[in-house]
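K.L.:
Numbering (our numbering), first residue to last: 637 to 895.
Pasting the structure below:
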């Protein structure tokens, strides 16, 4: 089963409007978050990747072709061009990673990026999609089994997130009765780690924003299911997130590292 990773983000909440590298190449330890995500999937047996390139996509191409460590794994890289994809490197079948680099537009919405790689999943009944900034200790095999069991078009992973603010409980006379720093939010949050039936392409419109587009329409039609994950989840959305993820990695407490 193929995994499409949305790596078109600019990372403006990390370092402003003119970031030097795409968000997916910001590092945890000495490896980009993209590498960590791919290792998560590969560890769960999913090694066929579509990288949906956008902002500074040429830097991701350079990383994959020339700088990426694969822990002695064999890798085949394809760069789709006009006509048939060009095979850059062909390796043995055992324990192999397949990486297809797909230029999907610098300013394209997420749903449009997915729509533009339809040819690469045309023969697959299901495929996975994830954001290029999220990590979790999720059982991806169980996620796929859940998706296949219900027969709907799409599955998203719902997680519990913590508030970025401290919460204050106040009595009627204004007295503070409790202070809670970064409490767990009561609502479920879309944590990414999605699985789609090939029927998703019937729901994706031109330049579809995905979350407020196809996924909203699927929910209204009863065609969207949620796989609940209560374990570790984190995303690299802000500079503070980057510091926290690096602290977890450097201290040996990176819960997503199951390999």
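Beta carbons: idealized from backbone N, C-alpha and C, even for Gly.
1) Out of 693, 863, 839 and 862, point me to the one whose CA is closest to residue 853's CA.
2) Here's a check: name, in chain order, each residue in its chain whose Cβ is nearer than 8 Å to the Cβ of residue 821, leaving out the five neighbours to either side.
3) Quick one: measure Cβ to Cβ for residue 779 and residue 672, integer angstroms, because I've assumed they're closer than 8 Å.
4) Suppose the cutoff is 6 Å on Cβ atoms and the five residues either side in sequence are ignored; what does the same chain contact list for residue 639 look like?
5) Can you tell which of 804, 870, 657 and 768 has its C-alpha closest to the C-alpha of residue 816?
6) Any idea if residue 702 is buried or exposed, counting beta-carbon neighbours within 10 angstroms, 16 or more meaning buried?
7) Which residue or residues does DSSP assign as beta-bridge partners of residue 791?
8) DSSP has residue 805 in a bridge; who is on the other side?
9) What does the alpha-carbon distance come out to for the pair residue 668 and residue 812?
10) Excluding the 5 residues preceding and the 5 following residue 691 in the sequence, name in chain order all residues of the same chain whose CB lies nearer than 7 Å to its CB.
11) When you compare only the Cα positions, how much space is there between residue 788 and residue 751?
12) Can you tell me whether residue 727 is helix, strand or coil according to DSSP?
13) Taking just the CA atoms, how far does residue 785 sit from residue 833?
14) Does chain B have any CB closer than 8 Å to the CB of residue 785?
15) Helix or strand or just coil, what does DSSP make of residue 720?
16) Using 8 Å for Cβ pairs, my map puts residue 664 next to residue 885. What's the rounded Cβ distance?
17) Among 694, 736, 733 and 859, whose alpha-carbon lies nearest the alpha-carbon of residue 790?
18) Contact defined as beta carbons within less than 8 Å: I believe residue 843 pairs with residue 748. What is the distance between those atoms, to the nearest angstrom?
19) Please go through the same chain and pick out, in chain order, the residues whose beta-carbon is closer than 8 Å to the beta-carbon of residue 760, but skip the five residues on each side of it.
20) How far does the alpha helix (DSSP H) with residue 694 in it reach, from first residue to last?
P.N.:
Let me spell this out:
1) Comparing Cα positions, the closest option is 839.
2) Same-chain partners within the cutoff: 796, 797, 798 and 799.
3) Contact flag wrong, Cβ pair sits at about 18 Å.
4) Residues 677, 682, 685 and 764 of the same chain have their beta carbon placed closer than 6 Å to that of residue 639, with the five preceding and five following residues left out of the count.
5) With distances taken between CA atoms, residue 816 lies nearest to 804 out of 804, 870, 657 and 768.
6) Per the 10 Å Cβ criterion, exposed.
7) In the DSSP assignment, the residues bridged to residue 791 are 831 and 861.
8) Per DSSP, the beta-bridge partners of residue 805 are 814.
9) Computed Cα separation, rounded: 43 Å.
10) Apart from sequence neighbours up to five positions away, the residues of its chain that approach residue 691 with a beta-carbon distance below 7 Å are 644, 645, 646, 658 and 742, ordered along the chain.
11) Taking the straight line from one Cα to the other gives about 19 Å.
12) Interpretation of residue 727 is limited by its pLDDT of 44, a score under 50 that renders its predicted location unreliable; the figure taken from the coordinates is listed afterwards. Coil at residue 727, not helix or strand.
13) Each residue's alpha carbon lies about 12 Å from the other.
14) Absent here is chain B; the protein component of the structure consists of one chain.
15) No answer about residue 720 holds up, because its pLDDT of 41 lies below 50 and its placement is not dependable.
16) Indeed they touch by this definition, with Cβ atoms about 5 Å apart.
17) Checked all of 694, 736, 733 and 859; the closest Cα to residue 790 is 859.
18) Cβ-Cβ separation between residue 843 and residue 748: approximately 5 Å, consistent with a contact (criterion under 8 Å).
19) Counting only Cβ-Cβ distances below 8 Å, and skipping sequence neighbours, we find 637, 638 and 834.
20) Boundaries of the alpha helix (DSSP H) around residue 694: 693-698.
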